[in-house]
Amino acid sequence: MTEPTLGSYVYCVVQAGEEPSLDGLTGVDPSFGVDVTTQGELSALVSRVRLEEFGAEPLRRNLEDLAWVERTARAHDAVIARALDDGALVPFRLCTIFTDEAHVRAMLERERDSLIEALERLRGHAEWSVKLLADARKLEAAARERSPALAATPDSGGAGAGHAFFARRKADHAVRDEARAMAETAAEEAHARLQQEAAATTLLPPQHPELSHRPGQMVLNGAYLVHRSRAAEFAGIARELHERHRGIGLELELGGPWAPYNFVTGDGH
Amino acid sequence: MTNQLQPSEAGGAGALTPSGAATAATSPEAATNLADVLERVLDKGVVIVGDIRVNLLDIELLTIKLRLIVASVDTARRMGINWWETDPWLAGGEDHDDRKSLRDRVGRLERQLEAPTRSDDSGND
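Protein chains in written order, with this note's numbering: chain A, 1 to 269; chain P, 270 to 394.
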């Protein structure tokens with residue numbers, strides 16, 4: 001009959017008075033809904049969590065469990081997504097947990113200045129993701145078409161099979177280099193163009209195909225902080241870039257808008 | 270036509286339709302794959318130390334471990350231990366297979382070419 005020991009899990013901070021409706025939303029611990037804890041001008045979106053699952057020791061174990069991490073990350077993201085609809089928010093890192101509401105309020109008081117600075121900077125902005133994926137075969141075909149001289153294997157005459165083999169390898173490598181250069185150029189140009197519409201950008205490491213479950217090699221994985229007023233333009237440019245590059249084997253994938261996870265510190269550029 | 274490249278990833282290939290690829294997702298969480306959710310959430314967001322202390326290093330290590338788990342041991346070995354930091358073009362499995370078959374073929378050709386090469390040299394002189 002002992003009550004479970006509970007903690008307070010913080011998802012994000014919004015300006016007091018701008019809290020979203022939290023109806024029907026469950027937290028990372030699905031036994032509890034999401035509440036608001038307000039201190040001064042700031043409100044934290046908070047839910048209770050059982051410390052038998054979210055205490056320091058169990059947490060260390062659970063963070064090794066991919067299914068647990070996925071469930072928790074999705075629930076965390078879902079709460080933050082709800083807040084995004086209603087204005088400025090500062091997302092917190094996964095598994096930021098306090099012992100009780102009083103400690104959450106104390107944190108809001110302590111971090112007030114930097115949280116308000118971040119809210120003001122992020123107000124009206126959302127994060128978008130642009131990934132460029134290269135289909136190597138198509139890209140090489142496009143490279144051959146663009147520079148036929150590269151792919152040409154000189155007639156080796158009587159020099160023999162060995163010579164012809166190496167000439168062919170050399171031509172293949174030249175085509176591959178050209179294809180790679182085309183992908184890099186496209187990625188740089190796309191990033192530069194998208195950057196013009198963005199308040200800040202960050203380049204993330206490309207996801208490997210094994211992990212991303214996307215066909216092709218990722219040649220651009222950019223995160224863009226875009227103001228609401230520029231969002232339609234930004235998406236339009238992404239579509240335009242997609243149309244321009246798909247013919248040579250480059251697929252552009254646009255994701256968002258979502259919370260500015262990559263831009264909380266303000267050093268994005 | 271591109272599916273030939275991705276024999277083991279029919280699900281992934283199907284999910285990425287060219288027409289939908291550049292369309293803004295209005296409810297991204299519905300169709301988001303695990304890699305994207307983790308990329309977005311895992312070591313992102315403002316860092317404020319709570320009462321329950323989780324060493325942030327644990328989470329950073331975890332992201333690396335997750336990548337290894339998802340990629341499978343074989344893949345990780347093939348690509349070298351820090352494959353996620355390497356040039357994706359160089360890290361592709363296809364390239365490695367190519368290099369191995371190239372080495373094998375060079376070996377065979379060197380053996381085969383020994384005699385003709387000698388006769389060529391004497392003929393040119």
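Positions of the beta carbon are idealized from the N, C-alpha and C atoms, including for glycine.
Q | Identity of the residues DSSP links to S31(A) by a beta bridge | A | DSSP output for S31(A) lists no bridge partner at all.
Q: Determine the direct distance from the alpha carbon of R50(A) to that of E127(A), and round the result to whole angstroms.
A: 31 angstroms
Q. According to DSSP, is V318(P) helix, strand or coil?
A. coil
Q) Would you say Q196(A) reaches chain P, if we count a Cβ-Cβ gap shorter than 9 angstroms as a contact? A) Output row for Q196(A): interface = no.
Q. Looking only at DSSP bridge pairs, what is M218(A) linked to?
A. L133(A)
Q: Report yes if the CB atom of A75(A) is closer than 9 angstroms to the CB atom of V13(A), and no otherwise.
A: In this structure, V13(A) does not lie closer than 9 angstroms to A75(A) by Cβ.
**Q.** Close-in-space but distant-in-sequence residues of the same chain around A293(P) (CB under 6 angstroms, 5 per side omitted)
**A.** Per-residue confidence for A293(P) stands at a pLDDT of 37, beneath the threshold of 50, marking its modelled position as unreliable; the derived number appears in the next sentence. None.
Q | Contacts around P58(A), its chain only, beta-carbon distance under 8 angstroms, and the 5 residues preceding and following it disregarded | A | L51 and E52
Q.
Are the CB atoms of L63(A) and L89(A) within a distance shorter than 9 angstroms?
A. The Cβ atoms of L89(A) and L63(A) lie no closer than 9 angstroms to each other.
Q.
Between L6(A) and chain P, is the shortest Cβ-Cβ distance under 9 angstroms, so that the two count as touching?
A. Judged by the 9 angstroms Cβ criterion, L6(A) is not in contact with chain P.
Q: Run the CB neighbour count on N221(A), radius 10 Å, all protein chains shown included, and call it buried at 16 or more, exposed below.
A: buried
Q: Out of Q196(A), E189(A) and E41(A), point me to the one whose CA is closest to S114(A)'s CA.
A: E41(A)
Q: Identify whether I116(A) lies in helix, strand or coil by the three-state DSSP scheme.
A: helix
**Q.** Distance between M182(A) and G33(A) (C-alpha atoms, nearest Å)
**A.** Rounded to whole angstroms, G33(A) to M182(A) spans 50 angstroms at the Cα level.
Q: Have a look at G247(A), F263(A), T265(A) and A235(A) and flag the residue whose alpha-carbon is nearest the alpha-carbon of G256(A).
A: A235(A)
Q. Going by the CB atoms, is the gap between V130(A) and A190(A) shorter than 9 angstroms?
A. yes
Q. With a Cβ-Cβ cutoff of 9 angstroms, do V10(A) and L45(A) count as a contact?
A. yes
(Q) If I measure Cβ to Cβ from R123(A) and keep anything under 6 angstroms in the same chain, skipping five residues before and after, which residues do I get? (A) Excluding sequence neighbours, R123(A) sits near A88.
Q) Who are E178(A)'s beta bridge partners in DSSP? A) According to DSSP, E178(A) bridges with nothing at all.
**Q.** Span separating the alpha-carbon of A78(A) from that of L307(P)
**A.** Distance between the alpha carbons of A78(A) and L307(P): 13 angstroms.
Q: Inspect the CB distances between the segment 225-235 of chain A and the segment 193-209 of chain A and report whether three or more fall short of 8 angstroms.
A: yes
Q | Collapsed DSSP secondary structure at I248(A) in the structure displayed | A | coil
Q.
Taking the beta carbon of D135(A) as the centre, do at least 16 other beta carbons fall within 10 Å, making it buried, or is it exposed?
A. buried
Q. If you follow the beta strand (DSSP E) that V49(A) is part of, which residue opens it and which one closes it?
A. Unbroken beta strand (DSSP E) run through V49(A): L42 to R50.
**Q.** Inter-residue Cα distance where the pair is Q217(A) and E184(A)
**A.** 12 angstroms
Q: Name the two residues that bound the continuous beta strand (DSSP E) containing R110(A).
A: Note, R110(A): premise wrong, no beta strand (DSSP E); alpha helix (DSSP H) at E101 to R110.
Q: Consult DSSP for A299(P) and reduce its assignment to one of helix, strand or coil.
A: At A299(P), the pLDDT of 41 sits below 50, so the modelled position is not reliable and the matter cannot be decided from this model.
Q: List the residues of chain P whose Cβ lies closer than 8 angstroms to the Cβ of M107(A), in chain order.
A: I317 and G319
Q | Where S229(A) sits in the DSSP three-state scheme | A | helix
Q: Look up G7(A) in the DSSP assignment and give the residues it is bridged to.
A: V49(A)
Q: For N262(A), count neighbouring Cβ atoms within 10 angstroms of its own Cβ and tell me buried if that reaches 16, exposed if not.
A: Counting every other CB atom within 10 Å of its CB across the protein chains shown gives N262(A) a total of 16 or more, marking it as buried.
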